[in-house]
Each structure stands twice: as structure tokens, then as C-alpha cells.
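Colleague: Below is a structure I'd like to ask you about.
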Amino acid sequence: MDKNIVLIGFMGSGKSMIACELAKRLKRQVLATDRLVELKEGQTIDEIFKSKGETYFRKLESEIIKEVSLRRGVIIDCGGGVVCVKENLKFLKAGGIVFYLDATPEVIYERIRHEKHRPLLNTPDPLGRIKELLNQRLPLYNQADHIIDANDASIEGPVVEILKKIK
Ligand code: S3P
3 MDKNIVLIGF
13 MGSGKSMIAC
23 ELAKRLKRQV
33 LATDRLVELK
43 EGQTIDEIFK
53 SKGETYFRKL
63 ESEIIKEVSL
73 RRGVIIDCGG
83 GVVCVKENLK
93 FLKAGGIVFY
103 LDATPEVIYE
113 RIRHEKHRPL
123 LNTPDPLGRI
133 KELLNQRLPL
143 YNQADHIIDA
153 NDASIEGPVV
163 EILKKIK
């Protein structure tokens with residue numbers, strides 16, 4: 003099976019940790035779109051948002067999505083807002099199986115409340131913002147090939163479920 007394994011989901015849904023664990027077990031490479039955007043631009047995500055804005059970031063992110071979707075047999079760890087641009091999901095699905103890691107706003111908030119590097123949640127009411135963004139994005143996330151419950155603190159459940167689905 004040389005299709006990519008694509009992980010989408012809100013910030014804090016566990017994409018990066020699950021991607022790393024899958025990579026270890028399957029001996030596959032992880033491509034994290036946020037890291038590739040940062041490398042391409044020579045700035046952190048936070049700096050890109052501050053200096054050039056979200057629209058510019060989304061343009062860069064879409065370029066990276068097109069590039070990584072051409073690869074085969076890799077694990078793609080996507081930024082949480084990747085579904086905001088419709089054609090991204092089309093490219094990702096063309097090259098891989100897309101898994102949505104589903105977590106509630108409360109679980110997400112608990113996981114990321116002490117982190118400072120996520121520009122979109124740098125607001126006085128992060129939980130409210132999570133609920134609002136998740137509400138907007140849910141119909142898009144639900145277009146994934148598979149929906150995986152990612153509410154548990156342990157990543158073992160989602161990892162095993164994804165491994166089963168790709169067998
Ligand atoms: C974003 C999620 C982030 C990053 C950027 C925007 C979003 O990625 O791409 O801050 O719009 O949800 P993670 O989901 O890896 O934190």
C-alpha cells in the first residue's frame with residue numbers, strides 16, 4: 003500500500019504525536035505541512051501570521067499541500083486549517099487516505115491552553131474561538147475518508163484504529 007496517510011483535525015487534536023507513532027510503527031516518513039511552510043519561508047508560523055497575514059499563510063500552505071500530495075507512502079501531518087481551502091482536500095485525497103482526528107472543543111482547550119505559538123488562539127476567549135472555528139470547519143473535516151475519535155489522552159487508540167483501516 004503506497005497511498006499516503008493524511009492526518010487532518012483541529013489544533014491540539016494530536017496529529018503530530020499520532021503521525022510520529024505511525025511513522026515509527028510503519029517505518030514511514032512524516033511530512034508536517036507547518037514545518038515545510040516554515041522552512042520555505044524562513045519564518046515561524048507565528049511570524050508569518052504577524053508579518054504577512056493569514057491569507058498569505060494559506061497560499062503558502064496550499065503550495066506545500068500540492069507538493070506533498072505528489073509523494074507516495076508518506077504520512078502527512080497537516081496544519082489544522084488545511085480544510086479552509088477547498089482544493090487542498092482534493093489534492094490530499096488524490097494521493098492518500100484522509101483521517102480526521104475528532105476531539106471536542108473542551109478537550110482541545112485543555113491540551114493547548116498553556117501553549118503560546120498558535121496565532122489564531124491568541125485571543126481573550128480561546129475556548130469560544132475554538133468552538134467558533136470548529137463549528138465552521140466541521141462540515142469540511144467530516145469529508146475525510148475516516149473519522150477517528152481523538153478525545154482520549156492516550157494516542158494508542160487512534161493509532162491502532164488507523165493501522166486497522168489501512169490494512
Ligand atoms: C492553524 C493550525 C496550525 C497552523 C496555523 C493555523 C489553523 O497547525 O497551521 O497556526 O488554522 O487551525 P496545527 O494544527 O498543527 O497547530
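Take the sequence shown: its position 145, counted from the start at 1, is 147 in the working numbering, and no numbers get skipped.
Cβ coordinates follow ideal geometry from the N, Cα and C atoms, glycine included.
Source: prediction; values computed, not measured.
#1: Counting along the chain, where does the alpha helix (DSSP H) carrying Leu28 start and finish?
#2: Please report how far the alpha carbon of Thr141 lies from the alpha carbon of Phe93, in whole angstroms.
#3: Looking at the unbroken alpha helix (DSSP H) that takes in Asn137, where does it start and where does it end?
#4: With a threshold of 7 Å, establish whether the CB of Pro128 neighbours any heavy atom of the ligand S3P.
#5: Rounded to whole angstroms, what's the CA-CA distance from Lys5 to Leu72? Just pull it up for me.
#6: Could you give the distance in angstroms between the alpha-carbon of Leu28 and the alpha-carbon of Ile50?
#7: Check the C-beta distance from Phe101 over to Val32 and give it rounded, since I have them as a contact under 8 Å.
#8: Taking the C-alpha atoms as reference points, what is the distance between Arg74 and Ala96?
#9: Between which two residues does the alpha helix (DSSP H) containing Ile47 stretch?
#10: Quick one: does the C-beta of Leu122 sit closer than 7 Å to a heavy atom of the ligand S3P?
Modeller: With the structure as the only source:
#1: Residue 28 sits at position 26 when you count from the first residue of the sequence shown. Where Leu28 is concerned, the enclosing alpha helix (DSSP H) stretches over Lys17 to Leu28.
#2: The count along the sequence shown starts at 1 and reaches residue 141 at position 139. The count along the sequence shown starts at 1 and reaches residue 93 at position 91. The displayed chain sequence assigns Pro, not Thr, to residue 141. Each residue's Cα considered, the two are about 18 Å apart.
#3: Numbered from its first residue, the sequence shown carries residue 137 at position 135. Pro128 to Tyr143 is the span of the alpha helix (DSSP H), which, as asked, contains Asn137.
#4: Against the sequence shown, residue 128 aligns to sequence position 126. Pro128 has its CB no nearer than 7 Å to any heavy atom of the ligand S3P.
#5: Locating residue 5 in the sequence shown gives position 3, counting from the first residue. Locating residue 72 in the sequence shown gives position 70, counting from the first residue. In a straight line, the C-alpha of Lys5 is about 10 Å away from that of Leu72.
#6: The sequence position of residue 28 within the sequence shown is 26, counting from 1. The sequence position of residue 50 within the sequence shown is 48, counting from 1. When rounded, the distance between both Cα atoms is 33 Å.
#7: Within the sequence shown, the letter at position 99 stands for residue 101. Within the sequence shown, the letter at position 30 stands for residue 32. About 14 Å separates the CB atoms of Phe101 and Val32; that is not less than 8 Å, and the two are not in contact.
#8: Within the sequence shown, the letter at position 72 stands for residue 74. Within the sequence shown, the letter at position 94 stands for residue 96. Straight-line measurement puts the Cα of Ala96 at about 11 Å from the Cα of Arg74.
#9: As a position in the sequence shown, residue 47 is number 45, starting the count at 1. Ile47 to Ser71 is the span of the alpha helix (DSSP H), which, as asked, contains Ile47.
#10: The sequence position of residue 122 within the sequence shown is 120, counting from 1. Result yes, Cβ under 7 Å from the ligand S3P.
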